[in-house]
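Chemist:
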Ligand code: AGP
């Protein structure tokens, strides 16, 4: 939520900042702005709307000369998207410019205090409070670094800040707490950014700032301080991603590119963990006596990561016979959960910075639980805070709607469940071996569902159904978990009202909404429950529903006898089947969104990383 960049070097800053913001637009895209220093002082240009509006205003950056600057792309929290609420924000003293990612929780109190000190405000944002505080302390102490320190020690909430001062034209100060911030080292130039892709074009050498860290830098030098104000050396790390990982390549959208990257992402996630027919999950330690003493496993996450957790409940309970519960992070943290050292709490997150998930993780730790995180972004807050971490190697996911992170999270869940079941002795060797084979084959199975035949089928069905107003996704057992994710994909990118229910639950209320032509997407990939789901399809057909059934190739004939349309996928090991079922639903949503003229990669009101509650 919100992305910040900063640059000090010999290049023109504005085009570098615009490049960086383009790569960070996934974090928020309702307005953007930059501040660049030149002989005219600190010059801010801001624009409501997509980054392209700012780019045009800046004539690609050429309209704003200068070599040092900061930039921001916004997802509004305090105040509606508008030019004036866009960042950067200037102190009322006219000397300090600030960009901010995060949320200042005590802003009302601080704002009142600054009013008493004589400050004036232009915007409704919490960030302007920060600018005014730095401005105030700069007037008081005449020292830029001290002014930032005095301010930061009074802030509650989360922040990654980039700050310029008119009297220190070559310098930028960056500081962070609970919002991500990386520092980039170039030749005679330095960068800050919320995420790696923003600076990858210019450097692959970075340092990750820790909470409380401050970087004071210009083109040629940088000094890092820790939260106590002590000077510290930061470890330089080399980013190994190809630039192309954060580019659209030949694809129209990141989402379709990322859908097609799933076989590779799965291979990268699974292969390093399979050795000699055994799973080795990065040294994750969950010994038998610990697992045997567990009274319950919780999985805690938000959105699609929560739906992975719902699927994990079915999978872990079936394989390990340990009671397991999936809980939304926003609920877990305030629910006074029954959690102590007899609970394992697993956190699932692509970004590793989702505010509710991070807060829930801290709560679980506070209560003495052992914590394990399944995370995609290396070095992210959740990865660092958990006792143990398993990375999904999906590579950067840029589209707001997750696809490859979802399927790789699911792959980690399979492996984790198998490792725990093996330790507990709740899975036979034959079953374990069959699953290992299934996992090895999984990337190729996913590839087979991404062939031309399935693509055209999903496209055709999208053209048929895209004008519908409502959709209901129904399925049983793990199919119902995939329904949740399929339904979310449709609503978030195609703005089509959609709900998901376990198929047997429909007649307890929601069926009253089924009328002539209502779209029902039914998942029927579980052999044992096939007849039950067919009975549910008959019930909605009897009320006029238009049913699209996703089923196994061997069951398609039976399904098509009572459904209006079908998509058939190959049968694989039943536990791994959800990894295949989700693919046509991703493609279907993508094409429905295209037919409805939606902005697939940047759906309205959403942002990729939800770093506020
Ligand atoms: C999924 O398409 C959504 N963009 C969203 O639900 C997402 O999964 C959720 O916000 C959790 O994000 P995280 O995985 O980065 O924690």
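Residue numbers (this note's numbering): 24 to 636. Every residue, glycine too, gets a C-beta built ideally from N, C-alpha and C.
Go to residue 83, then tell me how far its alpha helix (DSSP H) extends in each direction, as first and last residue.
Modeler: From DSSP, residue 83 is part of no alpha helix (DSSP H); its letter is neither H nor E.
Chemist: Using three-state DSSP, classify residue 214 as helix, strand or coil.
Modeler: Strand at residue 214.
Chemist: Runs of 3 residues minimum, wholly inside the region 155-216: which ones carry the beta strand (DSSP E) assignment?
Modeler: Runs found: 180-188, 191-200, 205-208 and 213-216.
Chemist: Pull up the distance between the alpha-carbon of residue 75 and that of residue 48, whole angstroms please.
Modeler: Roughly 11 Å between the two C-alpha positions.
Chemist: Check whether the Cβ of residue 425 lies closer than 6 Å to any heavy atom of the ligand FMN, and answer yes or no.
Modeler: Although the ligand FMN was asked about, the structure shown includes only the ligand AGP as ligands.
Chemist: Helix, strand or coil for residue 632, going by three-state DSSP, please let me know.
Modeler: In this structure, residue 632 counts as coil in the three-state DSSP scheme.
Chemist: In the DSSP assignment, the alpha helix (DSSP H) including residue 288 goes from what residue to what residue?
Modeler: Taken as a continuous stretch (DSSP letters only), the alpha helix (DSSP H) holding residue 288 covers 285-293.
Chemist: What are the boundary residues of the alpha helix (DSSP H) that includes residue 389?
Modeler: Run containing residue 389: 378-389, per the alpha helix (DSSP H) assignment.
Chemist: Quick one: measure Cβ to Cβ for residue 87 and residue 66, integer angstroms, because I've assumed they're closer than 8 Å.
Modeler: At roughly 6 Å, the Cβ-Cβ gap stays under 8 Å, so residue 87 and residue 66 are in contact.
Chemist: Say whether the region 231-238 touches the region 281-292, bearing in mind that this needs 3 or more beta-carbon pairs closer than 8 Å, one atom from each stretch.
Modeler: With the cut-off at 8 Å, the region 231-238 and the region 281-292 do not touch.
Chemist: Taking 6 Å as the cut-off, is the C-beta of residue 332 nearer than that to any heavy atom in the ligand AGP?
Modeler: No; taking the cut-off as 6 Å, the Cβ of residue 332 has no heavy atom of the ligand AGP nearer than that.
Chemist: Please indicate yes or no: does the CB of residue 325 lie closer than 6 Å to some heavy atom of the ligand AGP?
Modeler: Yes, the beta carbon of residue 325 sits closer than 6 Å to at least one heavy atom of the ligand AGP.
Chemist: Is it right to say residue 535 is buried, meaning 16 or more other beta carbons lie within 10 angstroms of its own, or is it exposed?
Modeler: It is exposed - the Cβ of residue 535 has fewer than 16 other Cβ atoms within 10 Å.
Chemist: Quick one: measure Cβ to Cβ for residue 599 and residue 559, integer angstroms, because I've assumed they're closer than 8 Å.
Modeler: Contact flag wrong, Cβ pair sits at about 24 Å.
Chemist: Quick one: what's got a C-beta closer than 7 Å to residue 316's C-beta in the same chain, skipping five residues either side?
Modeler: The answer, listed in chain order, is 365.
Chemist: Mark residue 255 as exposed unless 16 or more other C-beta atoms lie within 10 angstroms of its C-beta, in which case mark it buried.
Modeler: Flag for residue 255 reads exposed.
Chemist: Is residue 431 helix, strand or coil by DSSP?
Modeler: Reduced to three states, the DSSP call for residue 431 is helix.
Chemist: Can the beta-carbon of residue 202 be found closer than 7 Å to that of residue 433?
Modeler: No, Cβ-Cβ distance for residue 202 and residue 433 is not below 7 Å.
Chemist: Could you spell out where the alpha helix (DSSP H) holding residue 130 opens and where it closes?
Modeler: Per DSSP, residue 130 belongs to the alpha helix (DSSP H) from 130-139.
Chemist: How many Å lie between residue 310 and residue 342 at the Cα?
Modeler: Going from the Cα of residue 310 to the Cα of residue 342 covers about 16 Å.
Chemist: Using only alpha-carbon positions, find the residue among 463, 419 and 420 that is nearest to residue 437.
Modeler: Comparing Cα-Cα distances from residue 437 to each of 463, 419 and 420, the minimum goes to 463.
Chemist: I need the boundaries of the beta strand (DSSP E) containing residue 372, first residue and last residue.
Modeler: Start and end: 366-372.
Chemist: Taking the straight line between their C-alpha atoms, what separation do you get for residue 36 and residue 626?
Modeler: Rounded to the nearest angstrom, the two C-alpha atoms are 29 Å apart.
Chemist: List the residues that DSSP assigns as beta-bridge partners of residue 96.
Modeler: According to DSSP, residue 96 bridges with 26 and 55.
Chemist: Skipping 5 residues on each side, what residues in its chain have a beta carbon closer than 8 Å to that of residue 576?
Modeler: So the list reads 591, 592, 593 and 594, once near-sequence residues are dropped.
Chemist: Along the chain, where does the alpha helix (DSSP H) that runs through residue 607 open and close?
Modeler: It spans 601-618 - the alpha helix (DSSP H) in which residue 607 sits, taken as one unbroken run.
Chemist: Would you mind listing the alpha helix (DSSP H) stretches within the region 230-267 that are 4+ residues and don't spill past its ends, in chain order?
Modeler: With a minimum length of 4 residues, no continuous alpha helix (DSSP H) run stays inside the region 230-267.
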